Every structure is written in structure tokens, then in C-alpha cells.
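A short write-up of the structure that comes next.
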Amino acid sequence: MSTTAVPEVAVTAVDEGFWTRVRKTGAVLLGLGVLATVLFGALATGQQARFTLSETEGGAALEINGTVGAILFGIIAAAAGAALLAGVPKRWFTLVLGVGLVAFVLSFLCWQVSAAPEGRNFMPLVNVVRGTFILALPLIFGALAGVLCERSGVVNVAIEGQLLMGAFSGALFGSISGSVWVGLVAAAIGGALISLLLAVFAIRYLVDQVVMGIVLNLLAVGVTGFLYERLMQTDATKYNSAPRFSNWEIPLLKDIPLLGPALFRGNIFLYVGLLLVLVIHIALFRTRWGLRTRSVGEHPTAADTLGVKVLRLRYRNVIMAGLVAGVGGASYTLALYSFTKNMIGGKGFIALAALIFGRWSPTGALLAALFFGFADQLATYLGAIGSSIPSQFLAMLPYLATILAVAGLVGKVRAPAADGKPYIKG
């Protein structure tokens, strides 16, 4: 037995080699740190880069010389990359990588803020944090919908359509009834209808789940676009003027510096989204339903032999995912905007990326959604201060961050073993 074990260990060592994923990531981060130190340091100015702890230029602020900050944070990013390249223990990988990436972003911001025109060379952190959460909200709901489906073994590429149908239904029925609550219920039902179609065709008729998801996205775009032109464009006052949820302030918590104004002076969608992350995480990993859901997503045959109704559970979870995504779509039309054709604009696919980036975990999906939301908010901020970076590149920034995150930062991830595989009961 010992003679066979030795060659296996040796083969593993040879296969792993020097360039492990940690070292490759370290090499990339080291390069980014050097780039930040040299390029951002050269482009930054000697003006103070001010990061205010309020919504305006006034009040308390963190200040640093633009050139010094760009170089200093660039060196920190390079040092983090060098540490990974040297081979830090795996338990430190996430922390060191996080420090390096944050340092790289801060180096970039020191350049941008210090080089901004006089009167605009500051970053209001409260606005940035608030904007990050607002832009991340549909991603949070969409990613949670993906978690519910894919942990059950059903690929949910139809998140885009679920969000869009939720936004449309919320706007239409909220406008007709004059009630935000009716609009919210209608939005949830609209998302659930798309999910029901996904469930029927994927679970009952064994249609390819990825293809079905794309078809449902196109169906949602077509149906909502047609009804928008026929109803909302002809009489926007009657069909596209839904009331909006007002912001709810939480006493005491709203006065916490920085996070208070951003998190505890929000609308219902912010609180529901964060609450759903907590509830679904606990339910998925601490309850019998969660154990059955994960077993159905990993090994449905074994779950069936133990008495779990595999198909029924998949139906239930997929429809539940549609309800969640529909509410996420309503966060557009019942809180921020009037409905327009294809207004989701690819956010459903970014939510799918957040699901993968978050490793099919509710809390991981939340952090990934905030990452993409920050990239979107950063593009908005840079445009407002007249950044020298072309506006076309700024518009690409959230999607570029999506590609880099999924392709480069996630590394090897494993979806639930039965994800996308129809279950045929023997």
C-alpha cells in the first residue's frame, strides 16, 4: 500500500509546480502595484486628495497628497503581490489579495481626485457608499435568485428576464392602482411567471436550461417592449407613473458616521435585500430545507432514495427565485425610474457573474454584487469630476470588472454537481 501512495504524492507535486494559482495571482498583483506606483504616481498632482466623510465637500475628511498617496498605495499593492508570489499560506490568501486590490484602487483614486479641477478634487464617501448599494440592489436580488435555482440543480440564465418582467409589472400595476404595495406584489408575480416557464420547460420537458434561459430573456424583452409601446408610451400618466417608496430612516443607526446615512436612510428594497441575504444564508446552511436543497443540487438520486421529492423541491425553489428577482426588478420602477424598454441593460448577467464570483453562497453573492456596484458607481463619479479617462471606457468599467472577477479572481470554483442536469426519476 505504501509503495503506491508515494508515486501519487510525487505526481501531485509535479502537477502543481511552482506556478500555483496563488503565485500567478501574486505576479499579476505585483505588476499592477508597479504600474500604480510608476504611472499613477507620475500622473497624480501635488494637490490634496480629499475623501470627505459626508455628502459634500465640507465636514471631516481624510486628506493625502495626491502624488504621495498614489505612490504609497502602489507600493502597498506591489508588496501584497510580492507576498503572494513568495507563497503565503493559503489561509492568508484572501486577506493579502484584498489588501492589495484595495491599495491599487486607492492609488488610482489618489491620482484621479488630485488631478480633478479645483472645487471637484474631493470624493464624498457617503455618496459613493450609498450609490454602491443602490446600484448593487438588483444584482443582490438577481444573485439570490440564482442561488436558489442553482443550489437546487437548475441553471438560471433567465435572471435578466425575471428582473425586467418585475420592473415592468411593478410600473404597470403600480400606476394603474396608485399603490406601491400592489406594484410590489405584481412585480414579484411577474418575475415568478418567468421562473414558472423556466421550471416547466427545464424540469418537466427537459429542455436545455441555458438555451431556455436565453429564450425567456428574449421573451421578456419582446413582451415588455411591445406593451411599453402600446400602453406606456401612449399614456404614460396612466400606465407609467407608479408611486415610489420613500426612504425609511432608522433612529440612532442613521447617525453612524459614513455607513449610517448610506445604509440606514434607504428604501424598503435595501432593507429587504440585506435581510434576504441573511435569511437565505441561514435557511440554506442551517435548516432541513437547506440540507434538502443542497442535496438535490449535488446528488438528486441519493436525495430521492431518502424520500426527498426532488422535482417538487426544484419547482418550488425556482418559482421562489422568480419572486425574489421580481422584487429586485421593482427596485428600479418603484424607487428610482419610470419604466423604459430593456431598462435592466445586462444587469441580470452581471448578477449571474456575482453568483459565480460569490461561489454560490448568499453572503458571497452580496459581496460580489457590492464589488460590481462599486465599479458602476466609480464610473459615475469619475464622469462627474471630468476624468481624463474616456467616457466610453468608464461605461465599460462595470462589465470589465465582471470579466476580470470571474476569469481572474475567482480561480477554480465548482458549481453544484447536478447543476444543469435534468433529473429523470427511475
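The working numbering puts the first residue of the sequence shown at 656, with every later residue one more than the last. Glycine included, C-beta positions come from ideal geometry on N, C-alpha and C. Just so it is clear, the structure is predicted and the values come from calculations on it, not from any experiment.
- In the same chain as Leu871, and ignoring 5 residues on each side of it, the C-beta atoms closer than 7 Å to its own belong to Ala813, Gly816, Ile849, Leu852, Leu853, in chain order.
- Annotated three-state conformation of Leu991 is coil, per DSSP.
- In this structure, the CA atom of Ala826 is about 14 Å from the CA atom of Val878.
- If you check the CB distance, Gly801 and Asn811 come in under 8 Å.
- Taking C-beta atoms under 8 Å as the contact rule, Phe706 and Leu717 qualify, at a distance of about 4 Å.
- Beta-carbon to beta-carbon, Val979 and Phe796 are separated by about 6 Å, close enough to satisfy the 8 Å threshold.
- Around the CB of Thr675, fewer than 16 other CB atoms lie within 10 Å, so the residue is classed as exposed.
- A straight line joining the alpha-carbon of Ala699 with that of Phe759 spans about 14 Å.
- Per DSSP, the unbroken alpha helix (DSSP H) holding Ala1056 starts and ends at 1046-1059.
- DSSP, reduced to helix, strand and coil, places Phe759 within a helical segment of the structure shown.
- A residue is called buried once 16 or more other Cβ atoms fall within 10 Å of its Cβ, and Asp890, having fewer, is exposed.
- Ala1073 is a Cβ neighbour of Glu953, given a cutoff of 8 Å.
- Taken through DSSP and simplified to helix, strand or coil, Pro916 comes out as helix.
- Check the Cα spacing between Val754 and each of Leu684, Gly829, Val835: the tightest is with Leu684.
- A Cβ-Cβ separation of about 4 Å places Phe919 in contact with Lys909 under the 8 Å criterion.
- In this structure, the CA atom of Pro779 is about 7 Å from the CA atom of Glu712.
- Pairing Tyr987 with Met998, the inter-Cα distance amounts to about 9 Å.
- Leu1025 and Thr1018 have their alpha carbons spaced roughly 11 Å apart.
- Short of 6 Å from the beta carbon of Tyr883, and not among the five residues preceding or following it, lie these beta carbons of its own chain, in chain order: Lys996.
- A distance below 8 Å between beta-carbons, with the five flanking residues on each side excluded, links Ala841 to the following residues of its chain, in chain order: Ser824, Gly825, Leu827, Phe828, Gly829.
- Taking a contact as a CB-CB distance under 8 Å, the pair Leu764 and Val677 does not count as one, their CB atoms being some 27 Å apart.
- Straight-line spacing of the CA atoms in Leu687 and Ser1016 works out to 29 Å.
- Taking a C-beta distance under 8 Å as the contact criterion, Ala1020 and Ala1009 qualify as a contact pair.
- Scanning the region 891-916 for uninterrupted alpha helix (DSSP H) segments of 4 residues or longer gives 891-894, listed from N- to C-terminal end.
- Bounds of any alpha helix (DSSP H) do not take in Arg806, whose DSSP letter is neither H nor E.
- By the criterion of at least three beta-carbon pairs nearer than 8 Å, the region 829-838 is in contact with the region 895-912.
- DSSP, reduced to helix, strand and coil, places Gly921 within a strand of the structure shown.
- Taking a 10 Å sphere around the C-beta of Tyr860, we find fewer than 16 other C-beta atoms and assign the residue as exposed.
- The three-state secondary structure of Met998, taken from DSSP, is coil.
- Residue Gly838 holds the alpha-carbon nearest to the alpha-carbon of Ser993 among Gly838, Ile935, Gly846.
- Bounds of the beta strand (DSSP E) holding Leu717 are 716-720.
- For Met778, the enclosing beta strand (DSSP E) starts and ends at 777-779.
- Rounded to whole angstroms, the gap between the alpha carbons of Ile1044 and Tyr1036 is 12 Å.
- Counting other Cβ atoms within 10 Å of its Cβ, Trp766 reaches 16 or more and is therefore classed as buried.
- In the structure shown, the three-state DSSP call for Phe706 is strand.
- Looking at the backbone, the Cα of Gly1028 and that of Leu818 are separated by about 16 Å.
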